[in-house]
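Peer 1:
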Ligand SMILES: *Cc1c(COP(=O)(O)O)cnc(C)c1O
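Numbering (the numbering used here), first residue to last: 36 to 350.
#1: What first and last residue would you give for the beta strand (DSSP E) that runs through residue 317?
#2: I'd like the span of the beta strand (DSSP E) that includes residue 62, first residue to last.
#3: Check whether the Cβ of residue 165 lies closer than 7 Å to any heavy atom of ligand 1, and answer yes or no.
#4: Does any heavy atom of ligand 1 sit closer than 7 Å to the C-beta of residue 241?
#5: From residue 271 to residue 141, what distance separates their C-alpha atoms?
#6: What's the call for residue 112, buried or exposed, on a 16-neighbour Cβ count within 10 Å?
#7: With respect to the alpha helix (DSSP H) encompassing residue 147, which residues constitute its N-terminal and C-terminal limits?
#8: Considering only their Cβ atoms, is the gap separating residue 72 from residue 325 smaller than 8 Å?
#9: Excluding the 5 residues preceding and the 5 following residue 127 in the sequence, name in chain order all residues of the same chain whose CB lies nearer than 6 Å to its CB.
#10: Answer yes or no: do residue 219 and residue 258 have a C-beta to C-beta separation smaller than 8 Å?
#11: Less than 7 Å between C-beta atoms, sequence neighbours within five positions excluded: which residues of the same chain meet that for residue 162?
#12: Is any heavy atom in ligand 1 found nearer than 7 Å to the beta carbon of residue 298?
#13: Once you ignore the five residues that flank residue 290 on each side, which residues in its own chain have a CB closer than 6 Å to its CB?
#14: Count the other CB atoms, across all protein chains shown, that sit within 10 Å of the CB of residue 41; report buried if there are 16 or more and exposed otherwise.
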């Protein structure tokens with residue numbers, strides 16, 4: 036089957052390199068047709084399910100994973116239902132519906148929506164999990180296969196973590212191209228620290244609640260496979276604040292004219308705020324994972340919210 040995602044640019048950012056006195060390379064997966072790297076793994080999983088006979092898809096993600104399934108379903112001519120919780124923003128529902136998918140609102144949180152999606156899938160639909168599927172990981176791994184063809188081998192890769200599917204895929208991708216020696220910095224915001232919290236506790240923890248504007252990173256528990264990567268030392272973790280991610284999104288828009296979600300701003304923020312882990316690394320690759328759940332208006336609102344907070348702290 037032909038691949039549905041596109042090959043994205045892997046380019047050195049002269050602006051960021053100069054700012055940080057390093058070589059900062061950007062893998063621009065924000066440019067995927069559905070707005071995020073999810074195009075890779077979710078489409079791969081959709082195609083795998085079709086090959087196994089699926090005739091409909093069900094997703095429980097109101098975010099970029101659900102949007103990617105809706106997009107892939109349109110291209111594959113397979114009907115898609117996305118069950119989203121009541122908390123899902125109108126814009127997200129509109130984007131999913133614009134791909135031709137049916138949107139069902141159910142339950143207070145993802146857990147309830149996922150419950151209904153699981154039930155619905157029992158009637159013959161394929162259930163697309165946002166991060167827990169080896170086929171999805173293999174799809175995400177194509178990010179690194181492209182990087183190896185396109186540009187520099189980095190001294191470290193920086194990426195954002197929600198449930199950990201991107202982390203797992205990139206780790207596998209690094210192994211596939213013989214770059215197993217490249218360390219990975221996995222970044223979360225403070226209100227979504229399910230992987231970082233696990234590293235600190237040295238135990239696979241579950242968060243009680245998610246308190247971040249980077250809702251895309253809001254998995255209460257990461258995939259066991261992602262936790263294993265940190266436990267074994269293959270990857271390490273870093274936290275940034277919501278204010279730092281918003282500043283990073285705004286800076287990235289100015290420097291590169293690409294608008295990304297705070298979920299993606301988190302990885303950029305770790306680089307911009309000169310994470311200790313990166314101090315001795317010269318060439319750094321950032322996975323610019325993108326995200327469709329952002330508008331200029333929303334970014335401006337967050338920006339003024341956080342700058343007025345900063346003023347209050349100063350005076
Ligand atoms: C899904 C997503 C993430 C997190 O990916 P996981 O595989 O859940 O860790 C980060 N950023 C964006 C934009 C996403 O859509």
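Where a beta carbon is used, it is the ideal one built from N, C-alpha and C, also for glycine.
Peer 2: So, from the data block:
#1: Along the chain shown, read from residue 1 onward, the residue named residue 317 stands at position 282. Residue 317 -> no beta strand (DSSP E), and no H or E assigned at all.
#2: Taking the first residue of the chain shown as 1, we reach residue 62 at position 27. Start and end: 58 to 63.
#3: Within the chain shown, numbered from 1, the residue matching residue 165 stands at position 130. Yes.
#4: Position 206 of the chain shown, counting from 1, holds the residue named residue 241. Incorrect: residue 241 has no Cβ contact closer than 7 Å to ligand 1.
#5: Along the chain shown, one-based indexing puts residue 271 at 236. Along the chain shown, one-based indexing puts residue 141 at 106. Cα to Cα, residue 271 sits roughly 36 Å from residue 141.
#6: Numbered from 1 along the chain shown, position 77 holds the residue referred to as residue 112. That one is exposed.
#7: For the purposes of this step, residue 147 is taken as residue 112 along the chain shown, with counting starting at 1. Here the alpha helix (DSSP H) through residue 147 covers 145 to 156.
#8: The sequence position of residue 325 within the chain shown is 290, counting from 1. The sequence position of residue 72 within the chain shown is 37, counting from 1. Yes, they are a contact pair.
#9: For this step, residue 127 is matched to residue 92 along the chain shown. Around residue 127: 97 and 328.
#10: Within the chain shown, numbered from 1, the residue matching residue 219 stands at position 184. Within the chain shown, numbered from 1, the residue matching residue 258 stands at position 223. Not closer than 8 Å, so no.
#11: For this step, residue 162 is matched to residue 127 along the chain shown. 93, 152, 153 and 156, listed in sequence order.
#12: Counted from its first residue, the chain shown places residue 298 at position 263. Correct: residue 298 has its Cβ closer than 7 Å to ligand 1.
#13: The residue you call residue 290 lines up with position 255 of the chain shown. Excluding positions up to five away in sequence, the list reads 50.
#14: Residue 41 sits at position 6 when you count from the first residue of the chain shown. Exposed, because fewer than 16 other Cβ atoms sit within 10 Å of the Cβ of residue 41.
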